[in-house]
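Our numbering numbers the first residue of the sequence shown as 53 and each following residue consecutively. See structure below.
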Amino acid sequence: MKDQIRQVQENALSEIAASSNEAAAIEAIRIKYLGRKGAVTELFKNMGSVPASEKPEMGQLLNALKNAVTDAIDEKLRNSTAAGEETLEKIDITLPGISRKQGHIHPITKTIYEICDMFVSIGFRVVEGPEIETEHYNFETLNIPLEHPSRDAFDTFYLKSGEKYLLRSHTSPVQTRFMEKNKPPFAIVVPGKVFRPDATDASHSFMFHQVEGLAVGDNIKFSDLKGALSIFAKQMFGPDTRMRFRPSFFPFTEPSAEVDISCVLCRDKGQEASSKERCSLCGGKGWIEILGAGMVNPKVFEKVGYNPKKVTGFAFGMGVERIAILKYGIEDIRLFFENDVRFLSQF
Ligand code: DAH
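Structure follows, in structure tokens:
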């Protein structure tokens, strides 16, 4: 029995030492010796036939054998490779680091910041309003009654047919929302998204951005409007930029104007060029429309509880995409919304 024990121990230890490091190979050796029918287990079974006087010594030897084989297997397993797994993570500290691309703000956001910063520098503050509006604020408080034809151009996305909630078609409703809660004098600019049921093409989108302006006080005049807007035009499009006001109509301003700047592409030379080489931007007119403006209609003041005999004010509204398109020479409004990094990374 002693010889058998020694023999099994020798075989087991040399087999373990010679085995590959694969976990499966080591497991096979463990089963061969320590499994239910393994060589070590069989020796334990033979203990029954060992004379009682030798039992303690045999027991000790067998336990020592079992421990020796178990320890050797455990040690081997610690260095083993489980199938398909890397044992150690290899780090090459001489490799260059992984550089991650840094994002930046969208050209429309950038343009909004630029417009607002400019107006803030002359005393305006930035205010925002809801994108989901009521007919009351989107139309009625702005003197656009239900039957008014100008409502057609604005007729927009109603949230449920027959209900009074809609996606605002312009940022002008923030004018009356603000006036209801604040007393003049004040000057605000209001950036935000607006929605119109326009078919999408190179110059139209069902969603775009506007910046609204409103200044109300004691003795605010049309010349104040002109002053503020000409600072804006020169800041945005360069110091040589000229501006002109054309009479127009908006229900919430009286008088109203459409404001043009001298063409940023041909620099006003459009009219002089022959028809063949007409400026592609202004079509030879020399002027480009950039916004709508006017003096706040007294009816709007009445709707928010101001006394139109005591206060006057000017308002304006511009499309941000249009400003960005002119400033950066972009040909298609859809580029802003396609999320193509080749386009966006240029700003
Ligand atoms: N709300 C007008 C639009 O979306 C733009 C506008 C025109 C705003 C004149 C004004 C304004 O505040 O005075 O077309």
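The beta carbon of each residue, even a glycine, is placed where N, CA and C say it ideally should be. These numbers come from a predicted model, not from an experiment.
Spatial distance of residue i from residue j (CA atoms)
| i | j | result |
| --- | --- | --- |
| R82 | L129 | 11 Å |
| G381 | E373 | 11 Å |
| A135 | D392 | Residue confidence is low: A135 scores 46 on pLDDT, short of 50, so the model does not pin down where it sits. Its coordinate-derived value is still stated next. Approximately 44 Å between the Cα atoms of the pair. |
| S173 | H188 | 33 Å |
| D312 | G290 | 14 Å |
| I385 | Y217 | 27 Å |
| E74 | A80 | 10 Å |
| M231 | V246 | 20 Å |
| R294 | I150 | 50 Å |
Any non-hydrogen atom of the ligand DAH closer than 7 Å to residue i Cβ
| i | result |
| --- | --- |
| A254 | no |
| T186 | no |
| G369 | yes |
| E264 | yes |
| T161 | no |
| H261 | no |
| T305 | yes |
| G365 | no |
| H222 | yes |
Element boundaries [alpha helix (DSSP H), containing residue i]
| i | result |
| --- | --- |
| Y165 | P159 to S173 |
| Q56 | K54 to A70 |
| P299 | Careful: P299 lies outside any alpha helix (DSSP H), inside the beta strand (DSSP E) at M295 to F302. |
Cβ distance (whole Å) where residue i is taken to contact residue j below 8 Å
| i | j | result |
| --- | --- | --- |
| A267 | F366 | 6 Å |
| L95 | V60 | 6 Å |
| L65 | A116 | The pair is not a contact, with the Cβ atoms about 12 Å apart (cut-off 8 Å). |
| G437 | P303 | Within the shown structure, residues of the chain are numbered from 53 to 399, placing residue 437 beyond reach of any answer. |
| V226 | G181 | 3 Å |
| L281 | I340 | Not confirmed; about 14 Å, so no contact. |
Start and end residues, beta strand (DSSP E) containing residue i
| i | result |
| --- | --- |
| K245 | F238 to F247 |
| S105 | Premise fails: S105 is in no beta strand (DSSP E) and is neither H nor E. |
| G369 | T364 to G371 |
At least 3 beta-carbon pairs within less than 8 Å: the segment 195 to 205 vs the segment 252 to 267: With the cut-off at 8 Å, the segment 195 to 205 and the segment 252 to 267 do not touch.
Three CB pairs or more closer than 8 Å across the segment 267 to 286 and the segment 384 to 398: Inter-segment contact for the segment 267 to 286 and the segment 384 to 398 is absent: fewer than three beta-carbon pairs are separated by less than 8 Å.
The segment 161 to 170 / the segment 253 to 263 touching (three or more Cβ pairs under 8 Å): Contact check between the segment 161 to 170 and the segment 253 to 263: three or more CB pairs, one atom from each, fall below 8 Å, which counts as touching.
Inter-stretch contact (C-beta, 8 Å, three-pair minimum) for the segment 172 to 186 and the segment 223 to 242: Judged by Cβ distances under 8 Å, the segment 172 to 186 makes contact with the segment 223 to 242, as three or more pairs qualify.
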